[in-house]
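Let me begin by presenting the structure, written as structure tokens, before commenting on it.
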Amino acid sequence: LDESEKQKTGVTAPNIWRTIMKSPITKIAAAVVVISGVLIVMHFVGLSTATVTFAEVIEPIFNAKTAILDIIIGEEGEGPVIHDQIKGSLIRRTMSGMEDVVSIIDLEAGRMLTLTVSKKEAAYIDLKGLPSMPNYMDTLRNVISELQDTPRFVVEELGEQEIDGQRVIGFRAKHPKTEITIWADPETALPVRIEQIGGQMKVICKNLKFDVPMDESLLSMDVPEGYTLQQVELDLLGSTEQDFIEGLRI
Numbered sequence: 008l009d010e011s012e013k014q015k016t017g018v019t020a021p022n023i024w025r026t027i028m029k030s031p032i033t034k035i036a037a038a039v040v041v042i043s044g045v046l047i048v049m050h051f052v053g054l055s056t057a058t059v060t061f062a063e064v065i066e067p068i069f070n071a072k073t074a075i076l077d078i079i080i081g082e083e084g085e086g087p088v089i090h091d092q093i094k095g096s097l098i099r100r101t102m103s104g105m106e107d108v109v110s111i112i113d114l115e116a117g118r119m120l121t122l123t124v125s126k127k128e129a130a131y132i133d134l135k136g137l138p139s140m141p142n143y144m145d146t147l148r149n150v151i152s153e154l155q156d157t158p159r160f161v162v163e164e165l166g167e168q169e170i171d172g173q174r175v176i177g178f179r180a181k182h183p184k185t186e187i188t189i190w191a192d193p194e195t196a197l198p199v200r201i202e203q204i205g206g207q208m209k210v211i212c213k214n215l216k217f218d219v220p221m222d223e224s225l226l227s228m229d230v231p232e233g234y235t236l237q238q239v240e241l242d243l244l245g246s247t248e249q250d251f252i253e254g255l256r257i
């Protein structure tokens, strides 16, 4: 692309939330920060046994090569639904209320490509000032492994219930620092909904699908043909997790 086609925008901490209110690109960036921060804070999880066993329920979490899921920060209906397609360190992300914006996130490289479809605009964002960020599935794997070796880890079997019209079997795992409830299909043992509570934070993961075939082009970090490249530098230093959460609620 010619330099004349590139537009450069600087965003610094003092005006970041005014920018987030107006900019889909920075709002998606905030979603990256919030989810990653929440997962790091909630670094404990667990499960148990029933007619569907603990080992059966966690097997797809540990072994899946790809996953599709929806993430909600807080209670359902109160915040945006973040839809992720995950393969390794790559995530394709969309958000309810911002269907025109698609982001491809490379967690390993700490970089994000955001596409505004209707305007044919693209922007790369370096996720500066952030810690190393695992994706949701990697975090679940790490946390479950960690809790299996934790003596204060307790599991409660919840039996079968109906959630969103689907019959599921549940396990509630408790630890002094967190609580997680996993609902799975009683026939296949595949998790369909995960609810995490840690401190004052709640995260809901739902509509999970494992080992779904994915078109590699959907996870490409290359700017699509016909898109105009913008340069966006987003300075996240000095911003708190609560700042990002409030930004998503705007």
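Note that the working numbering gives residue 106 to position 99 of the sequence shown, counting from 1, and the numbers run on in steps of one.
A virtual CB, placed ideally from N, CA and C, is assigned to each residue, including glycine.
Q) Helix, strand or coil: how does DSSP classify asparagine 259 here? A) Outside the displayed span of the chain (8 to 257) sits residue 259, for which this structure offers no information.
Q) Excluding the five sequence neighbours on either side, which residues of its own chain have a C-beta within less than 7 angstroms of the C-beta of isoleucine 170, listed in chain order? A) Your numbering for residue 170 matches position 163 in the sequence shown. Within the same chain, isoleucine 170 has close Cβ partners Trp190, Arg200.
Q. Should threonine 123 be labelled buried (16 or more other beta-carbon atoms within 10 Å of its own) or exposed?
A. Your numbering for residue 123 matches position 116 in the sequence shown. Around the beta carbon of threonine 123, 16 or more other beta carbons sit within 10 angstroms, so the residue counts as buried.
Q: Along the beta strand (DSSP E) that carries asparagine 70, what are the first and last residues, could you check?
A: Translated into the one-based positions of the sequence shown, residue 70 becomes position 63. Following the DSSP letters along the chain, one finds asparagine 70 in no beta strand (DSSP E) but inside the alpha helix (DSSP H) bounded by residues 61-70.
Q | C-beta contact flag for asparagine 142 and isoleucine 187 at 8 angstroms | A | In the sequence shown, counting from the first residue as 1, residue 142 sits at position 135. In the sequence shown, counting from the first residue as 1, residue 187 sits at position 180. Their beta carbons are not under 8 angstroms apart, which means asparagine 142 does not touch isoleucine 187 by this criterion.
Q. Skipping 5 residues on each side, what residues in its chain have a beta carbon closer than 7 angstroms to that of asparagine 214?
A. Numbered from 1 along the sequence shown, position 207 holds the residue referred to as residue 214. So the qualifying residues of the chain are Leu76, Asp77.
Q) How is glutamine 237 classed by DSSP in three states: helix, strand or coil? A) Mapped onto the sequence shown, residue 237 falls at position 230. It is a strand residue.
Q: For the beta strand (DSSP E) containing serine 96, list its first residue and its last residue.
A: Reading the sequence shown from its first residue, position 89 is the one you call residue 96. Here serine 96 belongs to no beta strand (DSSP E), and DSSP marks it neither H nor E.
**Q.** Residue range of the unbroken beta strand (DSSP E) whose run includes isoleucine 121
**A.** On the sequence shown, position 114 is the one that residue 121 refers to. Looking at the sequence provided, one finds threonine at residue 121 rather than isoleucine. Secondary structure note for threonine 121: its beta strand (DSSP E) is the uninterrupted segment 118-123.
Q) leucine 225 by DSSP, collapsed to three states: which one? A) Along the sequence shown, one-based indexing puts residue 225 at 218. Of the three classes helix, strand and coil, the one that applies to leucine 225 here is helix, per DSSP.
Q | Contact set for leucine 197: own chain, Cβ-Cβ below 7 angstroms, skip 5 residues either direction | A | Position 190 of the sequence shown holds residue 197. So the qualifying residues of the chain are Pro67, Ala191, Phe217.
Q.
Using only the alpha-carbon positions, how far apart do tyrosine 131 and aspartate 229 sit?
A. As a position in the sequence shown, residue 131 is number 124, starting the count at 1. As a position in the sequence shown, residue 229 is number 222, starting the count at 1. Here the alpha carbons of aspartate 229 and tyrosine 131 stand approximately 10 angstroms from one another.
Q. What residue range is occupied by the uninterrupted beta strand (DSSP E) comprising glycine 205?
A. Sequence index remark: in the sequence shown, residue 205 carries index 198 (1-based). 198-205 is the extent of the beta strand (DSSP E) around glycine 205.
Q. Do you know how far the Cα of glutamine 203 is from the Cα of proline 158?
A. To locate residue 158, count along the sequence shown from 1; it is residue 151. To locate residue 203, count along the sequence shown from 1; it is residue 196. Rounded to the nearest angstrom, the two C-alpha atoms are 20 angstroms apart.
Q: Please state whether DSSP places leucine 114 in a helix, a strand or coil.
A: Residue numbering aside, residue 114 sits at position 107 when the sequence shown is read from its first letter. Coil.
(Q) Helix, strand or coil, according to DSSP, for leucine 76 in the structure here? (A) Taking the sequence shown and counting its residues from 1, the one referred to as residue 76 is at position 69. Of the three classes helix, strand and coil, the one that applies to leucine 76 here is strand, per DSSP.
(Q) Using the three-state DSSP reduction, which class does leucine 154 fall into: helix, strand or coil? (A) In the sequence shown, residue 154 corresponds to position 147, counting from 1. Reduced to three states, the DSSP call for leucine 154 is helix.
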